[in-house]
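So the protein sequences, as listed, match chains A and B. Just so you know, the first sequence maps onto residues 1 to 222 in the UniProt record's numbering. Just so you know, the second sequence maps onto residues 1 to 222 in the UniProt record's numbering. Even glycine gets a Cβ: it sits at the ideal position worked out from N, Cα and C. Worksheet for the structure shown next.
Protein chains: 2
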Amino acid sequence: MKRQAGEGRGSTLNETLCDEIRRLLVDGALTPGQRLSESALSEQLGVSRNTLREAFRTLAHEGLVTHAPNRGVFVTTPDMASIVDIYRLRRFIECRALSAAWPSHPAVREMRAAVEEARTCREQRNWQAVGSANMAFHGAIVALADSARLDVFFRQISAELRLAFGLMSDKEWLHGPYVEMNQQVLETFEAGDTTAAVALLEQYLAQSERTVLAAWARQAAP
Amino acid sequence: MKRQAGEGRGSTLNETLCDEIRRLLVDGALTPGQRLSESALSEQLGVSRNTLREAFRTLAHEGLVTHAPNRGVFVTTPDMASIVDIYRLRRFIECRALSAAWPSHPAVREMRAAVEEARTCREQRNWQAVGSANMAFHGAIVALADSARLDVFFRQISAELRLAFGLMSDKEWLHGPYVEMNQQVLETFEAGDTTAAVALLEQYLAQSERTVLAAWARQAAP
DNA sequence: TCGTCACTTATTGTTCAACAATACAAGCGC
DNA sequence: GCGCTTGTATTGTTGAACAATAAGTGACGA
Chain A
1 MKRQAGEGRG STLNETLCDE IRRLLVDGAL TPGQRLSESA LSEQLGVSRN TLREAFRTLA
61 HEGLVTHAPN RGVFVTTPDM ASIVDIYRLR RFIECRALSA AWPSHPAVRE MRAAVEEART
121 CREQRNWQAV GSANMAFHGA IVALADSARL DVFFRQISAE LRLAFGLMSD KEWLHGPYVE
181 MNQQVLETFE AGDTTAAVAL LEQYLAQSER TVLAAWARQA AP
Chain B
1 MKRQAGEGRG STLNETLCDE IRRLLVDGAL TPGQRLSESA LSEQLGVSRN TLREAFRTLA
61 HEGLVTHAPN RGVFVTTPDM ASIVDIYRLR RFIECRALSA AWPSHPAVRE MRAAVEEART
121 CREQRNWQAV GSANMAFHGA IVALADSARL DVFFRQISAE LRLAFGLMSD KEWLHGPYVE
181 MNQQVLETFE AGDTTAAVAL LEQYLAQSER TVLAAWARQA AP
């Protein structure tokens, strides 16, 4: 839906609020499993309880927080099943999007930009930013499929995955190795060898899944 | 996430309310483009404005209603781009889910049940119910992929598509022919010829898309 | 006659305060 | 130690209030 019935561009505090909380979640300021008290958080953020509750509804639908009726809202704790599910979806979506892609699709430009961004951030050892750039790369891959709905769905999944990333301490190991791999995927794809690029991507995702799962298990053991 | 931090099963009016409004939307009691006044609707449904607004956030995130800041909430009007996008996604998701399916997956049982249901509803000429059963069939196909997140995503898309269905008058023509086609897909798949089943499914979706688009254009012309 | 401007009005955005309903914790009897 | 009742804090839901915005209205001037 392009410009449904107006869709005027007002700031609408609620939007701002959602963004703010999302940032808190992705930055790790709020740790998974933590309960988010309505009164406390509304006071801290300077909004009313009702407004906060509206934001919670949006975030809950995005999977970032979990609403337990009559008990409260919690930062979603990624469990193993979620991680497996998310990676299965990523393989499902990304590989197919890449394999059916039009070689000179505008999104390829974004892929390139993301790789560049990741490289410069890596030089500055800003691993959080490297993670963002890597995600942008994969978002661009999904964009190859030319579906607006798929794009927002993938953004959602990415945010949820970042929640899991937040559980781990060694960000360098978590994001660093994939800069090269992304670049390799891109170069292979641009060279015209789509099937090889897809194979690389599949390998990338498998390795990433293993890393995340291992770190999750290590962390969740005690 | 299976049972995140409790997730107790209270009715929580809000849930009920969302279901109620969804039903109104899918049944066509609320027509696309219509503005939903907060005060009017809250009074009509016997809930407070705040509660209704919370429900609106959920429904807006599902794409069933469109929120225009400072202007109000409108029943989403499906445009041509949305229909095309949704069908592209359905081809993307359903075909791949079916082609990679484990032949004795539990969801096959659901597929069979949906076909049965559709047949009986067709005999009673209850086309609305036929539409529901057909959708359940395709939901079962998606379930073959074994991804919880993909399931909810597809449910969302289905609801949005039903909004478009609501624009058309001839429900028999809209839902009737596909009962046979679904059955054919199922039988071919159960016979073990997966590739043929996928081809049939693809054909199904293409024909359905043409029908919907044509009806949409016919309706939107004046 | 037409367009522009300020003004009016209705609706949404947001807050506040209150009460009901529920879940958790503590204390009690056994 | 175990089940039960009681208390308390938090969420669920409501109603009213006010600010902010958008649409409609009508006067005014070219």
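### Task
Measuring alpha carbon to alpha carbon, tell me which of B:210, B:218 and B:177 ends up nearest residue 119 of chain B.
For this step, residue 119 of chain B is matched to residue 119 along the second sequence. Of the listed residues, the one whose Cα sits closest to residue 119 of chain B is B:177.
### Query
At a Cβ threshold of 8 Å, is residue 61 of chain B touching chain A?
Your numbering for residue 61 of chain B matches position 61 in the second sequence. By this cut-off, residue 61 of chain B is an interface position.
### Message
Within 8 Å of any Cβ in chain B, is that where the Cβ of residue 69 of chain A sits?
### Response
In the first sequence, the residue the question calls residue 69 of chain A occupies position 69. Yes - at least one Cβ of chain B is within 8 Å of the one on residue 69 of chain A.
### Message
Taking the alpha-carbon of residue 144 of chain A as reference, which of A:203, A:73 and A:93 has the nearest alpha-carbon?
### Response
Reading the first sequence from its first residue, position 144 is the one you call residue 144 of chain A. Considering only alpha carbons, the answer is A:93.
### Task
Have a look at residue 91 of chain B and residue 150 of chain B and give me their C-alpha separation to the nearest angstrom.
As a working note, residue 91 of chain B is residue 91 in the second sequence. As a working note, residue 150 of chain B is residue 150 in the second sequence. One C-alpha to the other measures close to 14 Å.
### Task
Identify whether residue 167 of chain A lies in helix, strand or coil by the three-state DSSP scheme.
As a position in the first sequence, residue 167 of chain A is number 167, starting the count at 1. The answer is coil: DSSP assigns residue 167 of chain A none of H, G, I, E or B.
### Task
Consult DSSP for residue 175 of chain B and reduce its assignment to one of helix, strand or coil.
Here residue 175 of chain B refers to the residue found at position 175 of the second sequence. Assigned with DSSP and collapsed to three states, residue 175 of chain B falls in helix.
### Query
Does the separation of the CB atoms of residue 72 of chain B and residue 35 of chain B fall below 8 Å?
The count along the second sequence starts at 1 and reaches residue 72 of chain B at position 72. The count along the second sequence starts at 1 and reaches residue 35 of chain B at position 35. Yes. Within cutoff.
### Message
For the segment 78 to 102 of chain A, list every residue whose C-beta sits within 9 Å of some C-beta in chain B, in sequence order.
### Response
Residues 78, 79, 81, 82, 85, 86, 88, 89, 92, 93, 96, 97 and 100.
### Message
Assuming contact is defined by CB atoms lying nearer than 8 Å, are residue 59 of chain A and residue 52 of chain A in contact in what I supplied?
### Response
Here residue 59 of chain A refers to the residue found at position 59 of the first sequence. Here residue 52 of chain A refers to the residue found at position 52 of the first sequence. No, they are not a contact pair.
### Message
Any beta carbon from chain B within less than 8 Å of residue 212 of chain A's own beta carbon?
### Response
The sequence position of residue 212 of chain A within the first sequence is 212, counting from 1. Residue-level contact check: residue 212 of chain A does not touch chain B, since none of the beta carbons of chain B fall below 8 Å from its beta carbon.
### Task
Please name the residue or residues paired with residue 72 of chain A in a DSSP beta bridge.
Taking the first residue of the first sequence as 1, we reach residue 72 of chain A at position 72. Bridge partners of residue 72 of chain A: A:68.
### Query
Does the distance from the CB of residue 148 of chain A to the CB of residue 79 of chain B come in under 8 Å?
Translated into positions along the first sequence, residue 148 of chain A becomes position 148. Translated into positions along the second sequence, residue 79 of chain B becomes position 79. Annotated as distal: residue 148 of chain A and residue 79 of chain B, with beta-carbon spacing of 8 Å or more.
### Task
Could you tell me if the beta carbon of residue 85 of chain B falls within a distance shorter than 7 Å of some heavy atom in the ligand NAP?
No copy of the ligand NAP appears in this structure; indeed no ligand is present at all.
### Task
Measure the CB-CB distance between residue 219 of chain A and residue 167 of chain A and report whether it falls below 8 Å.
The count along the first sequence starts at 1 and reaches residue 219 of chain A at position 219. The count along the first sequence starts at 1 and reaches residue 167 of chain A at position 167. For residue 219 of chain A and residue 167 of chain A, yes; Cβs fall inside 8 Å.
### Query
Is DSSP giving residue 225 of chain A helix, strand or coil here?
Because residue 225 of chain A is not part of the residues shown, which for chain A are 1 to 222, the question remains open.
### Task
Name the residue from A:49, A:208, A:65 and A:32 whose alpha carbon lies nearest to the alpha carbon of residue 134 of chain A.
As a first step, residue 134 of chain A must be located in the first sequence, where it is residue number 134. When only C-alpha atoms are compared, the closest one is A:208.
### Message
So, at 7 Å on beta carbons, what are the nonlocal neighbours of residue 197 of chain A in its own chain, with the 5 sequence-adjacent residues on each side left out?
### Response
The residue given as residue 197 of chain A occupies position 197 in the first sequence. The beta carbon of residue 197 of chain A sits closer than 7 Å to the beta carbons of 98, 185, 188 and 189 from its chain, once the five residues preceding and following it are set aside; these are given in chain order.
### Query
If you follow the alpha helix (DSSP H) that residue 110 of chain A is part of, which residue opens it and which one closes it?
As a first step, residue 110 of chain A must be located in the first sequence, where it is residue number 110. Per DSSP, the continuous alpha helix (DSSP H) segment holding residue 110 of chain A begins and ends at 106 to 123.
### Query
Got a sec? Which residues, its chain only, sit under 8 Å from residue 102 of chain B by beta carbon, not counting five neighbours each side?
Against the second sequence, residue 102 of chain B aligns to sequence position 102. Within the same chain, 144 come within 8 Å of residue 102 of chain B by CB-CB distance, once the 5 residues on both sides are set aside.
### Task
Measure from the alpha carbon of residue 44 of chain A to the alpha carbon of each residue in A:20, A:156 and A:15, then state which is nearest.
Taking the first sequence and counting its residues from 1, the one referred to as residue 44 of chain A is at position 44. Closest option to residue 44 of chain A, Cα to Cα, is A:20.
#### Entry: Local conformation of residue 7 of chain B per DSSP, three classes
Taking the second sequence and counting its residues from 1, one reaches residue 7 of chain B at position 7. Only weak support exists for where residue 7 of chain B lies, its pLDDT of 38 falling under 50; the coordinates are left without a value.
### Query
In the DSSP assignment, what are the bridge partners of residue 30 of chain B?
Locating residue 30 of chain B in the second sequence gives position 30, counting from the first residue. DSSP lists no beta-bridge partner residue for residue 30 of chain B.
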